[in-house]
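Colleague: Read in order, the letters of the sequence shown are residues 1 to 614 in my numbering. Dumping the structure here so I can ask a few things about it.
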Amino acid sequence: MGRADGDGHTQFACSLMDFDSMLDPFSHPLNIDYLLRKKKSIRKDLLSHRQAEEKRIAILGGSTTSEVKDMLEIFLLNSGIKPEFYESAYNHYYEDAIFHNDELDKFKPDLIYIHTSAVNISDFPRFEDSADAIDSLLTSQIEKFKTIWDRIETGHSCPVIQNNFEQPYCRGLGNYDGYALHGRSRFISELNIRFGEEARLRANLHLNDINYLSAWVGLQRWYDKTQWYSYKYAMSISAIPFLADSVVSIINAIFGKTKKCLVLDLDNTLWGGVIGDDGLEGIQIGNETAQSEAYTEFQKYVKTLKSRGVILAACSKNDEESARQGFSHPDSILSVDDFSVFKANWSPKHQNILSISKSLNIGMDSLVFVDDNPAERDIVRNNEPQVTVPEMGNSVADYIGILDRSGLFEVISLSTEDARRSAFYSDNQTRESFRTRFESYDSYLRSLEMKADINKITPLYLDRVTQLTNKTNQFNVTTRRYTVLEMEKVARDDGCLTLYGRLHDKFGDNGLVSVMAGTIRGEVLDIDLWLMSCRVLKRGMELAMFDQFVLLAQEKRVKVIYGYYYPTSKNKIVSQLFSEIGFDQVSGSEGKNTVWKLDISLGWINKNSVIEVN
Numbered sequence: 001m002g003r004a005d006g007d008g009h010t011q012f013a014c015s016l017m018d019f020d021s022m023l024d025p026f027s028h029p030l031n032i033d034y035l036l037r038k039k040k041s042i043r044k045d046l047l048s049h050r051q052a053e054e055k056r057i058a059i060l061g062g063s064t065t066s067e068v069k070d071m072l073e074i075f076l077l078n079s080g081i082k083p084e085f086y087e088s089a090y091n092h093y094y095e096d097a098i099f100h101n102d103e104l105d106k107f108k109p110d111l112i113y114i115h116t117s118a119v120n121i122s123d124f125p126r127f128e129d130s131a132d133a134i135d136s137l138l139t140s141q142i143e144k145f146k147t148i149w150d151r152i153e154t155g156h157s158c159p160v161i162q163n164n165f166e167q168p169y170c171r172g173l174g175n176y177d178g179y180a181l182h183g184r185s186r187f188i189s190e191l192n193i194r195f196g197e198e199a200r201l202r203a204n205l206h207l208n209d210i211n212y213l214s215a216w217v218g219l220q221r222w223y224d225k226t227q228w229y230s231y232k233y234a235m236s237i238s239a240i241p242f243l244a245d246s247v248v249s250i251i252n253a254i255f256g257k258t259k260k261c262l263v264l265d266l267d268n269t270l271w272g273g274v275i276g277d278d279g280l281e282g283i284q285i286g287n288e289t290a291q292s293e294a295y296t297e298f299q300k301y302v303k304t305l306k307s308r309g310v311i312l313a314a315c316s317k318n319d320e321e322s323a324r325q326g327f328s329h330p331d332s333i334l335s336v337d338d339f340s341v342f343k344a345n346w347s348p349k350h351q352n353i354l355s356i357s358k359s360l361n362i363g364m365d366s367l368v369f370v371d372d373n374p375a376e377r378d379i380v381r382n383n384e385p386q387v388t389v390p391e392m393g394n395s396v397a398d399y400i401g402i403l404d405r406s407g408l409f410e411v412i413s414l415s416t417e418d419a420r421r422s423a424f425y426s427d428n429q430t431r432e433s434f435r436t437r438f439e440s441y442d443s444y445l446r447s448l449e450m451k452a453d454i455n456k457i458t459p460l461y462l463d464r465v466t467q468l469t470n471k472t473n474q475f476n477v478t479t480r481r482y483t484v485l486e487m488e489k490v491a492r493d494d495g496c497l498t499l500y501g502r503l504h505d506k507f508g509d510n511g512l513v514s515v516m517a518g519t520i521r522g523e524v525l526d527i528d529l530w531l532m533s534c535r536v537l538k539r540g541m542e543l544a545m546f547d548q549f550v551l552l553a554q555e556k557r558v559k560v561i562y563g564y565y566y567p568t569s570k571n572k573i574v575s576q577l578f579s580e581i582g583f584d585q586v587s588g589s590e591g592k593n594t595v596w597k598l599d600i601s602l603g604w605i606n607k608n609s610v611i612e613v614n
């Protein structure tokens, strides 16, 4: 019994018209019944209407995974990822990970998902066990998984998503089970703590928190013993879409597909009432009523998103002075300064959202728009379909749950750069205002007094460098993605050249904004990676980076550098980058993959003239 097990569901045909007439089945709250009944037609529609990036995903299952795989596929397709799957035989997760497996090796997974659960805990405490024996039992369980993770790291060097454990179906000791030394509930809780500790130490290990997920779904709904006895599904069929949604949120974060900016309406979204009509005293915020308290909690949640790196933008049909006044309320959690862009006028909101995108220099597909008004939501969806517009329901009390469960802003790591992201973009608005004072752009760049820290990649910056490689789409010549382990290997390799670049100016620190990597072949250097954050485009940082890259190449006795441009829907901005620097095109044509050559054997004249390099 394994990958071929049935799911016990009857499938129904679904016309394209039927699918299009539905609200997005992937929006929250999830339409579970529709997803399960129509999964085949949803898959067909997504395959025919979505451009997708191909990824190879291995599922190593501790229980039957066929329905899990099917549901993962449609959630991935909806995210713009076309998966090819390797699926282990039933309960062969350990063998596939530990022992040599030609099929898995040839598959070369981009990611491995280990679908285990409480049914895969091989030993629980017995009543006669001592405290030391129980601790040894815990250690034995965690060591088994550590061995799996170690082998995957050495054998495949790809990200791993690992379920932790849900609480047991029944409690042999009742409420005492949660804290009794021999309780299964306590044992599982301790295992989950140790899993978390391991995940914090392993850059490529990401936990899918089914302990939380099963509690959110409800254990009564999570478990279906009939499905377990009949088909060996560790959870009910109706719980699998929730699981797939959670796993795909993590996959999106790993591959840089999460959103960057939350665009917020103001009236009846961040406070109750209309500031222009009701005045500052009349809007609902604070703790005086149930409704005002709900708006306060929502503002707190938004503030939390901002504090860990989500960019905030305001988009309101309002007089700007009135709109800004709303944040002067003594109970307001948010302030005007929390917003990197503030649009309050009477223009259509989809036009303001386009302006926000251009102002931040990020793609429309990086934006999430939240508005209490269903008509405004519908207008934005129809005019700017790349913008994600969640259905927010009819009550502010539901806003947090809808956004939180959506996984749109899923995070797999946090850095000081993330915490300062809003400040980076706010500083950019100041720079843009400052630019209007200058007659020439070159004079403006010189006035910024820019200084760059450009050096070889070190362990200190591995997480940020990897994050940048997986999130940067516009200034990215090869669009190659790296895991932390892969980047660490490249940084240590004497046959590779790597650079990171940080940029400072008189308005503030832009953070780590550029990465380059190349492979040396004798007297030839191939540029494997060259990218830069969109927030520092057109400031000459690419020239400063390349000058330093050439300097390193010359130290390695390189005479020829090859550059490669692989076009995507987003990176047209760098289609002529190599030509502008001085490379000669040796193959390819417009709109196709191109190869470029630069001879540095006779020396190199630096291109950067506006940035001081440390």
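For glycine and all other residues, C-beta sits at the position ideal for the given N, C-alpha and C. Please read all numbers here as calculations on a predicted model, not as lab measurements.
(1) Starting from N211, follow the alpha helix (DSSP H) in both directions and report where the run begins and ends.
(2) From the DSSP output, read off the bridge partner residues of L543.
(3) From G603 to D371, what distance separates their C-alpha atoms?
(4) Tell me, please, which residues DSSP counts as bridged to S514.
(5) Considering only residues of the stretch 325-394, which uninterrupted alpha helix (DSSP H) runs meet the minimum length of 4 residues and lie entirely inside it, listed in chain order?
(6) C170: buried (16+ other C-beta within 10 angstroms of its C-beta) or exposed?
(7) With DSSP run on the structure shown, which of helix, strand or coil describes E449?
(8) How about F409: is its Cβ closer than 8 Å to a heavy atom in the ligand COA?
(9) Give me, in chain order, the residues of the same chain whose beta-carbon lies closer than 7 Å to that of F339; leave out the 5 immediate sequence neighbours on both sides.
(10) Tell me whether G272 is buried or exposed, calling it buried when 16 or more other Cβ atoms sit within 10 Å of its Cβ.
(11) Spatial neighbours of D584 within its chain, please: CB distance less than 8 Å, with the 5 preceding and 5 following residues excluded, ordered by chain position.
(12) Can you check the stretch 224-256 for any alpha helix (DSSP H) of at least 4 residues that lies completely inside it and give the ranges in chain order?
(13) In the structure shown, what three-state DSSP assignment does N606 receive?
(14) Between which two residues does the beta strand (DSSP E) harbouring L460 extend?
(15) Go to G61, then tell me how far its beta strand (DSSP E) extends in each direction, as first and last residue.
(16) Count the other CB atoms, across all protein chains shown, that sit within 10 Å of the CB of Q167; report buried if there are 16 or more and exposed otherwise.
(17) Short of 7 Å in beta carbon distance, which residues of its chain neighbour V247, apart from the five on each side in sequence? Order them along the chain.
(18) Provide the residue span of the alpha helix (DSSP H) that contains D404, from first to last.
(19) So, is D132 buried or exposed, given that buried needs 16 or more other C-beta atoms within 10 angstroms?
(20) Considering only DSSP beta bridges, list what F549 is partnered with.
(21) So, using beta-carbon positions, are D96 and A58 closer together than 9 Å?
(22) Comparing alpha-carbon positions, which option in I98, D505, T466 lies nearest A517?
(23) In whole angstroms, what separates the C-alpha of S249 from that of D404?
(24) In three-state terms, what does DSSP make of I193?
(25) Kindly indicate the opening and closing residues of the beta strand (DSSP E) around W596.
(26) Within a Cβ cutoff of 7 Å, which residues of the same chain sit near F85, ignoring the five residues on either side of it in sequence?
(27) Just grab the DSSP bridge partners of F85 for me.
(28) Roughly how many angstroms lie between the CA atoms of E198 and P159, to the nearest whole one?
(29) Near Y444, what residues of its chain come up, given a Cβ to Cβ distance below 6 Å and the 5 sequence neighbours on each side ignored?
(30) Nearest to D331 by alpha carbon, out of E297, S316, A397?
(31) Here's a check: name, in chain order, each residue in its chain whose Cβ is nearer than 7 Å to the Cβ of V613, leaving out the five neighbours to either side.
(32) Would you report the Cα separation of E190 and P125, rounded to the nearest angstrom?
(33) Around the Cβ of L47, are there at least 16 other Cβ atoms within 10 angstroms (buried) or fewer (exposed)?
(34) Does DSSP put M22 in a helix, a strand or coil?
(35) Under a three-way DSSP split, which group does F434 fall into?
(36) Going by the CB atoms, is the gap between L537 and N361 shorter than 9 Å?
Modeller: Answer, in terms of the structure:
(1) Note, N211: alpha helix (DSSP H), 210-217.
(2) L543 is not bridged to any residue.
(3) Rounded to whole angstroms, the gap between the alpha carbons of G603 and D371 is 57 Å.
(4) According to DSSP, which records beta bridges pairwise, S514 is partnered with G501, M532.
(5) Complete alpha helix (DSSP H) runs here, min 4: 349-360, 374-383.
(6) By the neighbour-count criterion, in which 16 or more other beta carbons inside 10 Å mark a residue as buried, C170 falls on the exposed side.
(7) Three-state DSSP puts E449 in coil, outside helix and strand.
(8) The ligand COA is not part of this structure, which contains no ligands at all.
(9) The answer, listed in chain order, is L312, A313, A314.
(10) With 16 or more other Cβ atoms within 10 Å, it is buried.
(11) Excluding residues up to 5 positions away in sequence, W596, K597, L598 lie with their Cβ nearer than 8 Å to the Cβ of D584 in the same chain.
(12) Correct list: 225-231, 240-254.
(13) The answer is coil: DSSP assigns N606 none of H, G, I, E or B.
(14) Unbroken run through L460: none, as it is neither H nor E.
(15) Per DSSP, the unbroken beta strand (DSSP E) holding G61 starts and ends at 53-61.
(16) Buried, since its Cβ has 16 or more Cβ neighbours within 10 Å.
(17) For V247, same chain residues with a beta-carbon under 7 Å away, outside a window of 5 residues either side, are L72, Y113, I161, N208 in chain order.
(18) For D404, the enclosing alpha helix (DSSP H) stretches over residues 399-406.
(19) When all chains shown are included, D132 counts as exposed.
(20) Answer by DSSP bridge pairing: none, since F549 is not bridged.
(21) Yes, the Cβ-Cβ distance between D96 and A58 is below 9 Å.
(22) That would be T466, whose Cα lies nearest to the Cα of A517.
(23) So the two alpha carbons sit approximately 11 Å from each other.
(24) DSSP places I193 in helix when its eight states are reduced to three.
(25) Per DSSP, W596 belongs to the beta strand (DSSP E) from 594-599.
(26) Excluding residues within five positions, the ones whose Cβ falls inside 7 Å are I57, I59, K69.
(27) DSSP lists I57 as partners of F85.
(28) C-alpha separation (whole angstroms): 14 Å.
(29) Correct list, in chain order: R435, F438.
(30) When only C-alpha atoms are compared, the closest one is E297.
(31) Cβ neighbours of V613 beyond the five flanking positions: A452, I454, A544, Q548.
(32) Rounded to whole angstroms, the gap between the alpha carbons of E190 and P125 is 12 Å.
(33) Taking a 10 Å sphere around the C-beta of L47, we find fewer than 16 other C-beta atoms and assign the residue as exposed.
(34) For M22, the pLDDT reaches just 47, beneath the cut-off of 50, and the residue's location in the model is therefore unreliable, leaving the point undetermined.
(35) Helix.
(36) For the pair N361 and L537, the CB atoms are nearer than the 9 Å cut-off.
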